[in-house]
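J.:
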Amino acid sequence: MDRMKAAVVQAGSPLFDTGEALAKAQRLITEAMREGAELVVLPEAFIGGYPKGLDFGVTVGSRSAIGREEFRRYWDAAIDVPGPETEALGALTRELGHHAVVGAVERSGRTLYCVALFFGPGGLLGKHRKLMPTGSERLIWGLGDGSSMPVVEIGRARLGSAICWENYMPLFRTAMYTKNVDIWCAPTVDDRESWQATMRHVALEGRCFVLSASQYLTRADLPQDVHPVQGDEAGTVLIGGGSVIVSPLGEVLAGPLRDGEGILTAELDLAELARARFDLDVTGHYARPDIFALHIDERAKEGVVLSDRGDQPPGTLPAQ
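The UniProt record's numbering numbers the first residue of the sequence shown as 1 and each following residue consecutively.
This is the structure in structure tokens:
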């Protein structure tokens with residue numbers, strides 16, 4: 001009972017093709033779980049796609065008609081949460097009886113968000129919206145708020161998620177450590193060698209298992225009528241992987257995986273959590289609350305709040 005088999009999936013998702021991305025996610029989750037994985041993590045923006053190398057026609061002070069059409073296609077590929085795609089993934093984890101964390105692009109209102117979705121035997125269990133899109137990601141994704149920073153209980157452990165460069169946000173990490181994260185899920189597209197040091201640091205600092213799932217994306221995964229800055233050769237690698245699993249004491253248990261798609265697995269010794277926390281708990285016995293304090297605002301931040309609108313959008317007349 002103190003051991004759990006976990007898996008991280010390294011794969012690229014086809015851009016602008018939600019149906020194929022969903023089908024691929026279902027295949028990979030099923031494969032990993034049928035090999036014994038009780039928890040499977042998929043990469044950042046797996047459903048909805050990560051448009052590596054596209055600029056959406058943006059220069060400072062200007063947007064192009066071609067770029068607006070590319071964004072329209074990206075909008076159409078995003079998913080509603082909840083929606084048909086989350087229902088399908090929830091049905092799969094209910095059937096298989098285990099848990100999955102899936103990166104996706106959520107369409108909410110008139111904005112897109114990068115999210116990590118938590119699934120289990122109860123279906124869709126929660127979501128985390130990326131708090132701070134990095135660089136040009138801010139052109140296409142909105143900012144999450146403190147209302148979607150869940151830690152999900154799965155019986156023997158608690159799951160949390162930080163997406164890509166959120167892992168470089170020390171106050172966010174501290175907030176999640178305070179919630180007693182046991183298994184830190186890090187969907188990403190960061191394929192740099194330096195990412196490995198980051199994942200080992202988070203594991204050591206938080207005294208938690210870290211499961212980092214990265215995309216492995218080539219030019220062939222993008223439609224022929226878009227043109228990434230890396231070039232149009234089909235075999236050009238846009239995202240080079242680097243998925244990894246790390247123990248609470250910083251030991252690499254599996255990976256990093258390079259040069260292709262694949263599934264990494266490792267057996268997590270959950271008793272290692274207590275052993276690791278013996279000499280470091282950064283929000284407990286190592287916290288020094290007499291000197292440092294962190295205020296965490298978990299309220300949802302809505303730009304416009306309307307009362308008594310029922311189920312109708314503002315200004316909508318009843319159906320005749």
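Backbone N, C-alpha and C define an ideal beta-carbon position, used for all residues, glycine too.
1. My parser needs the beta strand (DSSP E) runs of 3 or more residues fully inside the region 75 to 144; what are they?
2. Do P43 and V9 have their beta-carbon atoms positioned less than 8 angstroms apart in this structure?
3. Buried or exposed for S161, please, with buried defined as at least 16 other CB atoms from any protein chain shown within 10 angstroms of its CB.
4. From which residue to which residue does the alpha helix (DSSP H) around F172 run?
5. Give the single residue among Y50, R219, G12 and E251 whose Cα lies nearest to the Cα of G262.
6. What first and last residue would you give for the alpha helix (DSSP H) that runs through S194?
7. Using the Cβ count rule (16 or more neighbours within 10 Å means buried), how would you classify P150?
8. Is the separation between the beta-carbon of A266 and that of I245 shorter than 8 angstroms?
9. In terms of DSSP beta bridges, what is F209 paired with?
10. Hey, would you say L143 sits closer than 8 angstroms to A88, going by beta carbons?
11. Within this structure, are the beta carbons of V101 and A116 separated by less than 8 angstroms?
12. Starting from M4, follow its DSSP beta bridges and name the residues at the other end.
13. From what residue to what residue does the beta strand (DSSP E) around T218 run?
14. In three-state DSSP terms, what is S147?
15. Look at the alpha carbon of I163 and the alpha carbon of L306, and state the distance between them as a whole number of angstroms.
16. Any idea if Q320 is buried or exposed, counting beta-carbon neighbours within 10 angstroms, 16 or more meaning buried?
17. Buried or exposed: Y50, going by 16 or more other Cβ atoms within 10 Å of its Cβ?
18. What is the C-beta distance between P170 and L54, in whole angstroms, given that I count them as a contact (C-beta under 8 angstroms)?
T.: In this structure, then:
1. Taken in chain order, the complete beta strand (DSSP E) segments of 3 residues or longer contained in the region 75 to 144 are 99 to 108, 111 to 120 and 123 to 129.
2. Walking along the sequence shown from the start, residue 9 turns up at place 9. Walking along the sequence shown from the start, residue 43 turns up at place 43. Against a cut-off of 8 angstroms, the Cβ pair of P43 and V9 comes out as a contact.
3. In the sequence shown, counting from the first residue as 1, residue 161 sits at position 161. Classification of S161: buried, given that the 10 Å Cβ count is 16 or more.
4. Taking the sequence shown and counting its residues from 1, one reaches residue 172 at position 172. Here the alpha helix (DSSP H) through F172 covers P170 to T178.
5. Reading the sequence shown from its first residue, position 262 is the one you call residue 262. The option with the nearest alpha carbon to G262 is G12.
6. Mapped onto the sequence shown, residue 194 falls at position 194. Unbroken alpha helix (DSSP H) run through S194: S194 to G206.
7. Counting from one through the sequence shown, the residue named residue 150 turns up at place 150. So P150 ends up on the buried side.
8. Along the sequence shown, read from residue 1 onward, the residue named residue 266 stands at position 266. Along the sequence shown, read from residue 1 onward, the residue named residue 245 stands at position 245. Yes.
9. Your numbering for residue 209 matches position 209 in the sequence shown. Bridge partners of F209: I183.
10. The residue given as residue 143 occupies position 143 in the sequence shown. The residue given as residue 88 occupies position 88 in the sequence shown. Not in contact: L143 and A88 (Cβ atoms no closer than 8 angstroms).
11. One-based indexing of the sequence shown puts residue 101 at position 101. One-based indexing of the sequence shown puts residue 116 at position 116. Yes, these two residues count as a Cβ contact at 8 angstroms.
12. In the sequence shown, the residue the question calls residue 4 occupies position 4. Beta-bridge partners assigned by DSSP to M4: L268.
13. What you label residue 218 is simply residue 218 of the sequence shown in a count that begins at 1. Y216 to T218 is the span of the beta strand (DSSP E), which, as asked, contains T218.
14. In the sequence shown, residue 147 corresponds to position 147, counting from 1. The DSSP-derived three-state label of S147 is helix.
15. Residue numbering aside, residue 163 sits at position 163 when the sequence shown is read from its first letter. Residue numbering aside, residue 306 sits at position 306 when the sequence shown is read from its first letter. Approximately 31 angstroms, taken between the alpha carbons.
16. Numbered from its first residue, the sequence shown carries residue 320 at position 320. Residue confidence is low: Q320 scores 46 on pLDDT, short of 50, so the model does not pin down where it sits. Its coordinate-derived value is still stated next. Looking at its Cβ environment, which holds fewer than 16 other Cβ atoms inside 10 Å, Q320 is exposed.
17. Along the sequence shown, read from residue 1 onward, the residue named residue 50 stands at position 50. Classification of Y50: buried, given that the 10 Å Cβ count is 16 or more.
18. Here residue 170 is taken as the residue at index 170 of the sequence shown, counted from 1. Here residue 54 is taken as the residue at index 54 of the sequence shown, counted from 1. Not a contact, Cβ separation roughly 31 angstroms.
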